[in-house]
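Engineer: Would you mind keeping the following structure in view while I ask a few things?
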């Protein structure tokens, strides 16, 4: 530790020594360079004509910029050059020549009043807005010799002579507008201007979290999404990640699985998600607590040069979020309201068999498969169709009579009833309101956000409330403080989900009066404890509880409530030490508490069964005694509390040496800590009204054996203490020292470098493993600034970038240099005994994962910025990756994690922006993002030999294959006995049997590599149209290069799940193997009998793997910008009405009957697809 402190001290001392350099007399600086420095320091953007600033210089003092008001700096730079700055919006300014003068107040008037003989003057009023529905300041309004300028709100008042009929509206960077102002048109004129990119030079700023820099100063791969781009789509449910899809190449987000990645996955066991940074500090709390309406920009750092400053947190990329700040001026209110609808799920997509086919499968199972009443377990609840079939088989009923009754029963299908009883139309409401204002000394912002959802499942809803406060206070010109606070509270309530597979299609849920009916089976098709109606009456006559399962009532009696509250506080103090050196000291504190309440009332099926099987029998009366487990409900609450903080001290240097040299650098120390504790406790005999509970006999409940009342079942319901009582704890600490520098020569050549040392308590005290040095270097060449390219008129920007470096990762599971145990209380057989499981053995050599990055990129802009974009080629190689290692079971554990693997990711990323059409009333812009990623496991330690089914039933990490590789059997079909068989690599047939003494199986080399389940390609095509007051945009997403397994129809699924359509076409007799590949029912002892493991050859066959390439219309957004005189006179600005449709169309290239986003790509099991989401929104400011 002392050694690392010494290293950190030396880094800081190096920068402090620079203070002793002699100050060079302030020299003249080109005006363009001065504005670039202001942009980098204050996060501003300027729009101006390049010729306006040509050959102009300034001698203004540009030191200590972060502690100066931008207006003061601009006055010092521009006024001596006879230039003015005009505020546009949110740190955006337009620079114009000094042509007009203000006559006081907000309204700007022409230089001279004009007297008009023979007529009276008219007064015109109006408001100028951008095509983005934002007020425009500094716009020139002219009618003949009468002229004026709009104020900060875009308003103008102009007196004109009666002979004037045309109003000319002009502004730098905007297309001119000409308005007919004949007296017949009145005196109020709302005006909309279209942006003109051919005249603009925009200084784009990217936030890395540690500093804000111009994008042109970066040597790595980074992208920024401005507020206007981000707001193209409404985040209906409050998930900000949905708005990032398709806007950044290399970023992939799946809204169903919630998986998020940047440039692929480089680990097996460590953290896989990108790091999320909010206003400069990493966050550890649930990212769903982030209010998307507070976001003003998102920067995505994709490679080492851009993200290495975050060290071991940055292996998967970094997403940096900047949120709203207050701005000086009178209070401005912003209101956003959204209402959305989503239809009930489409169960037809699941392709389940109908009632008739299902009944036929039941008949075949009994008549052909040897299924008997004994195997169905005598005395348990019996499906009426099975009962009829058993009677036919036993000779107590004719087949014709049974068929007639079966046809009547199968004439009913419960899918529509299930959809009506258990699901509802999903609705979502969102209301966002904020107010901001302030003065030169202090600014503030206060925001409130509410999201209320009635979820798709009935009796399920979600409510979220977010309160946000931001304040910036300037103590002196050299000292300022920025403070932010966000509080989030959400409550999610839901009843127990009843899977459709729990009941057969001919099962009714309610009678004609709406009363719940019992199911033929228990939850998950269990039949061990479900009794027949007759047997159930006997159970109740004994004084026990009804033991039938009522699916319709279960969501009422088994409920979950999740209450999440999160608090984030952060502050940053900025002090100016010299003209070119500042100090930032700040940090963030986060607290999140989650309470998961799980209530099962006395009427819940699991409670009734537990009470029945754990009841004691009174030796005198024979009646039940509920001694060990009291009567009443069971309430389990799992409280999880996490705390995290980050503290940082950082020096910032920005100094010019002469006219051509600029050096900027940061150096600092950062400490982080995250703790998490969880306590699970349970209350028995619980009454939700009186809130009372009763004691239990935990030792007796933990015994395993037959119940006192044998009528309730063969075995007592299991009772595991860990399901009701548990305590966990986690403590992770990190210490970091870092430095980063950027050198720019002649505004053409850029060199960057960073160095960071991370320490953690996860790797013991040995410095060889505890310390992790990480670094990056990069360079860029602004080729368009060279003399030989300046004459190329159609070239606006051309910058070549190259960077390399290292970042790392930490394990997400328990691993480390110490022996880690999980201690439990074991009460079997009778005496409570403490026992421990080995979670992780001692491993003194465990160390950080390391990822090496290399990136080459090109930024370009052509034809007056009509076409622009980026190209990046990268490689990522992760070394010392945590992988599973087998060990001798006699050591007390079967395996552990060690640094044994390596993974590579290679890829290409493209972004193309184009302005296709731009006229006075119609605009059409396109953005295309393309990402290709190839992933490969370079090294992995082989584990113990496994059955082949373990290799095909999950994604397999195998050397030389992708990290999510899918392997399958070479399915040969069925033999003449109806047995499924596979081919090995030598084309030999095998009927597998991995049970018993004679094992018949295939090895890894006999399997087929089917592909990867992770998309290799991701394309986003976003088109934006503007016609008058209407904006239309739509986003198409394409994902491809991956595969998915599809679940085949299988009659055997009728036992525990739900067969798919076509399952009845299975093998029944010799010869059927010529026209079907579906195995039939094996009959024990018959020549065609086979072990159930042979069926895996069919389930995981190569013939059931498809390409998963698909296109989806992710969103379609229509916005109308209201510009009526009434609204604007009422003080309402930027008023918009928006209609949005999400996920309304998709096309799968291998067959549109499958939605790749609604399927498990490994097992092939279908999930309910996402239905289209339709929303209506209203935005306004006042």
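Residue numbers (mature numbering (1 follows the signal peptide of the UniProt record, and there is no 0)): -25 to -1, 1 to 1157.
The beta-carbon is built from N, C-alpha and C at its ideal position, and this holds for glycine as well.
#1: How is residue 138 classed by DSSP in three states: helix, strand or coil?
#2: Under a Cβ-count criterion, where at least 16 other Cβ atoms within 10 Å of its own Cβ denotes burial, should residue 141 be classed as buried or exposed?
#3: Would you decide whether residue 979 is buried or exposed? Buried here means 16 or more other CB atoms lie within 10 Å of its CB.
#4: What residue from 1037, 637, 267, 574 has the CA that sits closest to residue 668's CA?
#5: Assuming residue 1007 and residue 997 make a contact with CB atoms under 8 Å, what is their CB distance in whole Å?
#6: In whole angstroms, what is the alpha-carbon distance linking residue 159 and residue 37?
#7: DSSP three-state call for residue 368: helix, strand or coil?
#8: Let me confirm a value: residue 636 is counted as buried when at least 16 other C-beta atoms fall within 10 Å, else exposed. Which label applies?
#9: Could you tell me the distance, in whole angstroms, from the CA atom of residue 357 to the CA atom of residue 522?
#10: Cα-Cα, which of 299, 151, 263, 251 is closest to residue 276?
#11: Hey, residue 569 and residue 537 are a contact pair by Cβ (cut 8 Å); roughly how many whole angstroms apart?
#12: Whole angstroms is fine: what's the gap from residue 831's alpha carbon to residue 848's?
#13: When burial is assigned at 16 or more other CB atoms within 10 Å of the CB, is residue 153 buried or exposed?
#14: Beta carbon of residue 645, beta carbon of residue 713: below 8 Å?
#15: Among 1102, 1123, 952, which residue has its Cα nearest to the Cα of residue 1048?
#16: Nearest CA to the CA of residue 818: which residue from 841, 533, 906, 862?
#17: With a floor of 4 residues, list each alpha helix (DSSP H) that falls wholly inside the stretch 920 to 1000, ordered by position along the chain.
#18: Mapping the DSSP letters down to three states, classify residue 96 as helix, strand or coil.
#19: Rounded to the nearest angstrom, what separates residue 205 and residue 181 at their Cα positions?
#20: In three-state terms, what does DSSP make of residue 302?
#21: Are there 16 or more other CB atoms within 10 angstroms of the CB of residue 769, so buried, or fewer, so exposed?
#22: Under three-state DSSP, which class holds residue 601?
#23: Closest to residue 425 by C-alpha separation, out of 379, 901, 267, would be which residue?
#24: With 16 other CB atoms within 10 Å as the buried threshold, where does residue 391 fall?
#25: Would you report the Cα separation of residue 543 and residue 472, rounded to the nearest angstrom?
#26: Suppose the cutoff is 6 Å on Cβ atoms and the five residues either side in sequence are ignored; what does the same chain contact list for residue 903 look like?
#27: Leaving out the 5 sequence neighbours to the left and right, which residues in its chain are closer than 6 Å to residue 843 when beta-carbon positions are compared?
#28: Helix, strand or coil for residue 1131, going by three-state DSSP, please let me know.
#29: Within 10 angstroms of the Cβ of residue 940, are there 16 or more other Cβ atoms? Answer buried if so, exposed if not.
#30: Does the beta-carbon distance from residue 1093 to residue 1005 come in below 8 Å?
#31: Taking all protein chains shown into account, decide if residue 88 is buried (16 or more other Cβ within 10 angstroms of its Cβ) or exposed.
#32: With a threshold of 16 other CB atoms inside 10 Å of the CB of residue 999, please say whether the residue is buried or exposed.
#33: If you draw a straight line from the C-alpha of residue 336 to the C-alpha of residue 378, how long is it?
#34: Which residue marks the beginning of the alpha helix (DSSP H) containing residue 516, and which one marks its end?
#35: So, is residue 1026 buried or exposed, given that buried needs 16 or more other C-beta atoms within 10 angstroms?
#36: Any chance the stretch 291 to 302 sits against the stretch 1142 to 1156, with 3 or more Cβ pairs inside 8 Å?
Structural biologist: So, to answer that:
#1: Coil, per DSSP.
#2: Within 10 angstroms of the beta-carbon of residue 141 lie fewer than 16 other beta-carbons, which makes it exposed.
#3: Burial call: exposed.
#4: Sorting 1037, 637, 267, 574 by C-alpha distance to the C-alpha of residue 668 places 574 at the top.
#5: Actually they do not touch by this definition, with Cβ atoms about 12 Å apart.
#6: Straight-line measurement puts the Cα of residue 37 at about 53 Å from the Cα of residue 159.
#7: In this structure, residue 368 counts as helix in the three-state DSSP scheme.
#8: Residue 636 is exposed by the Cβ-count criterion.
#9: Straight-line spacing of the CA atoms in residue 357 and residue 522 works out to 14 Å.
#10: If we check each option's Cα against that of residue 276, 251 comes out closest.
#11: 7 Å between Cβ atoms; contact.
#12: Answer to the nearest angstrom: the Cα atoms are 5 Å apart.
#13: In the assembly as shown, residue 153 is an exposed residue. Its beta-carbon has fewer than 16 other beta-carbons within 10 Å.
#14: For residue 645 and residue 713, yes; Cβs fall inside 8 Å.
#15: Measuring from the Cα of residue 1048, the nearest candidate turns out to be 952.
#16: If we check each option's Cα against that of residue 818, 862 comes out closest.
#17: Correct list: 923 to 927.
#18: Residue 96: coil per DSSP, three-state reduction.
#19: Spanning the two alpha carbons is a distance of roughly 15 Å.
#20: In the displayed model, residue 302 falls within coil according to three-state DSSP, outside both helix and strand.
#21: Label assigned to residue 769: exposed.
#22: Residue 601 carries a coil assignment under DSSP once its states are collapsed to helix, strand and coil.
#23: Of 379, 901, 267, the residue nearest in Cα terms is 267.
#24: In summary, residue 391 is exposed, with fewer than 16 beta-carbon neighbours lying within 10 Å of its beta-carbon over all protein chains present.
#25: Spanning the alpha carbons of residue 543 and residue 472 requires a straight line of approximately 33 Å.
#26: These residues qualify, in order along the chain: 887, 996.
#27: Result list for residue 843: 836, 888, in chain order.
#28: Here residue 1131 sits in helix by DSSP.
#29: Buried, by the Cβ-count rule.
#30: For residue 1093 and residue 1005, yes; Cβs fall inside 8 Å.
#31: Because the pLDDT at residue 88 is just 37, under 50, the model does not fix this residue reliably, and the point stays unresolved.
#32: With 16 or more other Cβ atoms from the protein chains shown falling within 10 Å of its own Cβ, residue 999 counts as buried.
#33: Residue 378 has its alpha-carbon roughly 13 Å from the corresponding atom of residue 336.
#34: Element bounds for residue 516: 508 to 516.
#35: It is buried - the Cβ of residue 1026 has at least 16 other Cβ atoms within 10 Å.
#36: Touching, no.
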